[in-house]
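Okay, so the sequence shown: first residue is 222 according to the numbering used here, each after it adds one.
Okay, structure first, notes after.
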Amino acid sequence: MEGFFEIGKIVKPHGLRGCLKVKSYLVEPEKVLRRVTEVELTKASDRKGPYTLGEWRLQRDSIVMEMVEVNDIEVANALKGYLVWGKMEFLEPLGDDEFYWRELIGMEMVTEAGEKLGELTAVFPTGSNDVYVCTTEKGEILIPATVECIRQVDRKERKMVVNLLPGLV
């Protein structure tokens, strides 16, 4: 959904008063959710909301959330399987050299010499740094998201310039 970011997926009701257990897709849910005041839901072509986000808490890799308009287990059960979305405006503004993963997915990746490598198709955290997955005609290249490897990211052109260190290809 344009203008929104994915928070997670509703897996089941939690309790009898309409709380929802949501499988979180967020890296730092506590940092993000403290700014979110409303959410929207989608499942296939069905779209619901906005819903006012009430209290929430983390539970392992899930979020138990309350939506003010969902106040019983039957309504909560009907929302099982829906994706939960927040407006991009709820995210903290980033610095010039910081990016949300969703901004990077789909970017064209090129070498410093201008040779097209492929498309950035996934990002995953490793602890010390993220790793970008570049899907090429020949397969995938895993590229560390470090200053040594990532030379430039152009948001407008949706292009990333990469220094391919020996052993990456």
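The beta carbon of each residue, even a glycine, is placed where N, CA and C say it ideally should be.
The model shown is predicted, which means the values in this text are computed figures rather than measured ones.
Met328 has its alpha-carbon roughly 16 Å from the corresponding atom of Asn384.
DSSP places Leu363 within a strand segment (E or B) once states are collapsed to three.
One thing to note: Gly239 has its Cβ within 8 Å of the Cβ of Ile294.
Between the segment 282 to 302 and the segment 318 to 325 there are fewer than three C-beta pairs closer than 8 Å, too few to call the two in contact. Between the alpha carbons of Trp277 and Val257 lies a distance of about 11 Å. Ranking Val352, Gly307, Ala299 by CA distance to the CA of Ile362 puts Val352 first. Inter-segment contact for the segment 300 to 316 and the segment 365 to 379 is absent: fewer than three beta-carbon pairs are separated by less than 8 Å.
Close CB contacts of Pro250 within its chain, under the 7 Å cut and outside five residues either way in sequence, are with Leu279, Ile284 (chain order). Cβ-Cβ distances below 6 Å link Leu254 to Trp277 in the same chain, with the five nearest sequence neighbours on each side left out; the list follows chain order.
Our two residues, Thr357 and Lys380, have alpha carbons roughly 15 Å apart in a direct line. In this structure, Val354 sits away from Leu338, with a CB-CB distance that is not shorter than 8 Å.
The beta carbon of His235 sits closer than 7 Å to those of Leu241, Lys242, Val285, all from its chain and outside the five residues before and after it, given in chain order.
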